[in-house]
Amino acid sequence: MMGTELHNNSMNVVEKLHLLTLFLKANLHPNSSSESYQERLSRLEGDKESLILQVSVLTDQVEAQGLKISDLESSLVEHQHKLNSTEEMLQQELLHRTSLETQKLSLMGEVSYLKLKLADMEGRQTHGAEKQHNAEGLLKELRILKDKVELLEDQKLQYEKKLKATKVKKRSLDLNGVIKEASGIFILMVYSRSYRLRRTQSGGLQAADPDAGQFKRGGLRATAGPRLTRTPESDYSARDMNIPFSQWTKEQVCGWLEDYGLGQYVNLSRQWVDNGQTLLAATPQDFEKEMGMKNPLHRKKLQFALKAFTSKTVEKSAELDHIWVTRWLDDIGLPQYKDQFHEARVDGRMIQYLTVNDLLTLKVTSQLHHLSIKCAIHVLHVNKFNPNCLRRRPEEEKQPSPSDVVQWSNHRVMEWLRAVDLAEYAPNLRGSGVHGGLIILEPRFSSETLALLLNIPPQKTLLRRHLATAFSALVGPQAMQEKREYGNATGHVPLTTTAKVKPKKLGFTQFSHLRKRKPDESADYICPIDSGALTVNGISRLPSAALRGLSPSLERQAKKLEQAGTKVQTKSPKQ
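Position one of the sequence shown corresponds to residue 1 (full-length UniProt numbering), numbered consecutively onward.
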């Protein structure tokens with residue numbers, strides 16, 4: 001810019017000089033004032049020379065500025081190259097930063113999973129420490145018993161030595177007696193040749209049974225206890241199911257208790273039980289007193305089993321043992337209660353008769369976990385206690401229906417979260433008790449409850465909105481409408497993850513009736529056996545339209561109840 005301005009100025013000066021010379025030539029003419037013109041001419045010539053000098057100076061400056069301009073242009077090109085390279089580096093840094101953020105999110109998900117695993121391992125470690133303490137006590141007892149056994153073995157060896165000595169003495173005495181008897185017989189035969197005498201009173205000359213003296217392998221030792229005498233064949237043949245339980249022997253009853261998971265009470269039962277009728281006529285207080293059965297759930301398990309024997313009813317739930325129940329707790333997302341359920345020997349029959357107090361005894365205090373177990377039991381009722389009714393793996397289905405979702409396990413719900421791009425939050429569902437039955441059957445369970453369980457922060461509104469749309473598409477429009485109506489109802493209490501269940505307290509008016517009447521637990525079952533009316537949070541209602549098709553029995557009962565309601569409505573105007 002400066003070079004162009006200097007060039008323009010020099011051109012203007014040259015033009016002015018040219019115009020000035022033309023003006024002087026035109027105005028020069030001889031007259032009286034020639035001297036003044038000469039002075040002016042000389043002055044103008046001086047100005048011309050000064051201007052020429054200025055022009056030369058300006059041209060030098062123009063050349064210098066041109067050189068500077070070329071240098072600046074070259075530096076501008078270099079800076080442009082540097083700018084392009086820095087932009088490329090910036091783009092690479094941005095790509096690296098995005099990859100680092102994705103790695104950070106994945107690492108955060110892994111950290112949350114490891115925290116849960118650490119908490120689980122700490123719980124197991126404490127439980128393992130208790131088991132180790134108990135094992136040390138058992139080892140001490142085993143050492144004491146071992147010392148006693150060694151003493152008994154020493155005494156046994158001494159007794160065997162004494163027995164051998166007495167046997168040798170007895171044999172020598174028997175030989176002497178036999179020799180004396182033989183000599184007497186020989187003398188009698190000599191003196192009475194015509195008669196044959198038969199010694200019938202002789203104890204040492206009777207013929208022995210040839211079969212009795214043969215050695216047989218495979219028999220039982222004289223010191224073998226009841227554990228060795230019970231063979232697998234005799235175990236089931238001895239307890240013939242066609243024989244009434246009241247006629248079972250003591251050994252049959254004790255064997256049944258051991259197979260039923262109550263083997264710790266067998267020793268005391270041998271001292272008390274005479275036959276099966278003893279257990280049938282006993283009360284829970286007798287079980288606690290005579291068998292040492294302190295656990296109320298063990299008494300309840302035994303009562304229901306004896307009741308099944310007397311009523312001769314075959315329940316499908318009786319085929320599910322307490323080992324299956326621990327796997328079932330894994331499927332519904334509550335593995336933290338496996339030890340309590342295993343110690344209480346809760347089996348399939350007890351599941352359908354569980355009460356709120358039973359769950360509190362099993363240390364299940366969370367209201368959400370109570371609802372989870374309740375909905376899971378309802379799914380078992382609907383599927384007639386099919387042990388494989390819960391779906392653990394995704395199948396080839398584009399959009400699952402509510403009747404499919406209600407059978408989802410906790411692992412299948414986590415797979416669904418991964419499918420809807422929420423994989424980093426899926427590990428948070430471990431130990432939450434969330435399964436398909438809870439999502440569909442519980443009207444208070446919404447997308448907000450699921451977001452709380454997944455630990456999605458409230459400020460991440462886009463994630464919560466995405467979860468809400470995926471949740472509504474999963475449950476279906478009818479179930480979502482019912483959840484909204486239930487949430488908008490008066491007196492609605494939202495479901496929280498921290499709410500606890502408190503045990504029922506007896507009032508003063510109820511203490512007088514405790515000994516007069518037998519308490520009925522059927523009203524306190526966490527999931528009533530009658531599956532026609534689904535009770536949710538203390539409110540009895542018909543199964544929703546979104547749940548129809550889950551089982552034929554539910555559908556028939558719902559239709560019958562609806563028809564009965566319409567008949568009553570049609571008769572009321574006529575009356």
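Cβ atoms here follow ideal geometry from the backbone N, Cα and C, with glycine treated the same way.
Note that this is a predicted model, so its numbers are computed, not measured.
Where does residue i sit, in a helix, a strand or coil, going by DSSP?
i: TRP408; result: strand
i: SER446; result: coil
i: TYR265; result: helix
i: SER366; result: strand
i: ARG198; result: Residue placement at ARG198 is flagged as unreliable, the pLDDT there being 38, under the threshold of 50; the coordinate-derived value follows with that caveat. Coil.
i: ARG465; result: helix
i: TYR353; result: coil
i: TYR159; result: helix
i: LYS500; result: strand
i: ARG393; result: coil
i: TYR525; result: strand
i: GLU15; result: helix
i: ILE332; result: coil
i: ARG270; result: helix
i: residue 588; result: Since the displayed the chain opens at 1 and closes at 575, residue 588 lies outside it and no answer follows.
i: ASN386; result: coil
i: VAL57; result: helix
i: VAL413; result: helix
i: ASN242; result: coil
i: LYS460; result: coil
i: SER85; result: helix
i: LEU51; result: helix
i: VAL346; result: coil
i: ARG430; result: coil
i: VAL111; result: helix
i: LEU422; result: coil
Quick one: residues in its chain with C-beta nearer than 6 Å to the C-beta of residue i, no 5 flanking neighbours on either side, listed in chain order?
i: SER432; result: GLY333, LEU453
i: ARG444; result: LEU495
i: LEU297; result: ALA344
i: SER447; result: LEU467, ALA468, PHE471
Could you check the C-alpha separation between residue i and residue j for me, to the nearest Å?
i: SER42; j: LEU67; result: 38 Å
i: CYS375; j: GLY437; result: 5 Å
i: LYS363; j: THR102; result: 40 Å
i: ASN12; j: LEU44; result: 17 Å
i: SER234; j: GLY261; result: Interpretation of SER234 is limited by its pLDDT of 38, a score under 50 that renders its predicted location unreliable; the figure taken from the coordinates is listed afterwards. Using only the alpha carbons, I get a separation of about 19 Å.
i: PRO284; j: LEU257; result: 16 Å
i: GLU63; j: TYR37; result: 38 Å
i: ASN84; j: ILE69; result: 22 Å
i: LYS316; j: VAL379; result: 14 Å
i: ALA165; j: ASP154; result: 17 Å
i: residue 578; j: HIS322; result: This structure cannot settle anything about residue 578, because the visible part of the chain is limited to 1 through 575.
i: HIS381; j: GLN459; result: 41 Å
i: GLY491; j: THR498; result: 19 Å
i: SER372; j: LEU95; result: 44 Å
i: HIS411; j: PRO427; result: 10 Å
i: LEU19; j: LEU76; result: 42 Å
i: VAL314; j: LYS307; result: 11 Å
i: ASN388; j: VAL434; result: 18 Å
i: GLY255; j: PHE304; result: 18 Å
i: GLU87; j: PHE471; result: 43 Å
i: GLY128; j: PRO335; result: 16 Å
i: PHE309; j: ILE243; result: 11 Å
i: MET350; j: HIS369; result: 18 Å
i: VAL111; j: LEU118; result: 10 Å
Which same chain residues end up closer than 8 Å to residue i when comparing Cβ atoms and leaving out the 5 residues on each side of it in sequence?
i: TYR425; result: GLY109, LEU417, LEU454, ASN455, ILE456
i: LEU360; result: VAL501, PRO503
i: ASN275; result: SER246, GLN247, TRP248, THR249, LYS250, VAL253
i: PRO392; result: The sequence shown places Arg at residue 392, rather than the Pro named in the question. Once the five neighbours on either side are set aside, the close Cβ partners of ARG392 are ASP331, SER409, HIS411, ARG412.
i: TYR525; result: GLN352, TYR353, LEU354, THR355
i: LYS16; result: LEU51
Please go through the same chain and pick out, in chain order, the residues whose beta-carbon is closer than 7 Å to the beta-carbon of residue i, but skip the five residues on each side of it.
i: ARG221; result: Confidence at ARG221 is low in this model, with a pLDDT of 37, below 50, so its placement is unreliable and the value that follows should be read with caution. Excluding sequence neighbours, ARG221 sits near nothing in its chain.
i: MET291; result: TYR265, LEU268, SER269, TRP272
i: LEU390; result: ASP331, GLN407, SER409
Kindly indicate the opening and closing residues of the alpha helix (DSSP H) around residue i.
i: GLY487; result: 477–488
i: LYS338; result: 338–343
i: LEU454; result: Taken as a continuous stretch (DSSP letters only), LEU454 belongs to no alpha helix (DSSP H), as it is neither H nor E.
i: VAL493; result: Careful: VAL493 lies outside any alpha helix (DSSP H) and carries neither H nor E.
i: GLN252; result: 250–259
i: LEU438; result: 436–441
Worksheet entry | Completely contained alpha helix (DSSP H) runs for the stretch 272–320, where each covers 4 or more residues | 276–280, 284–290, 296–311
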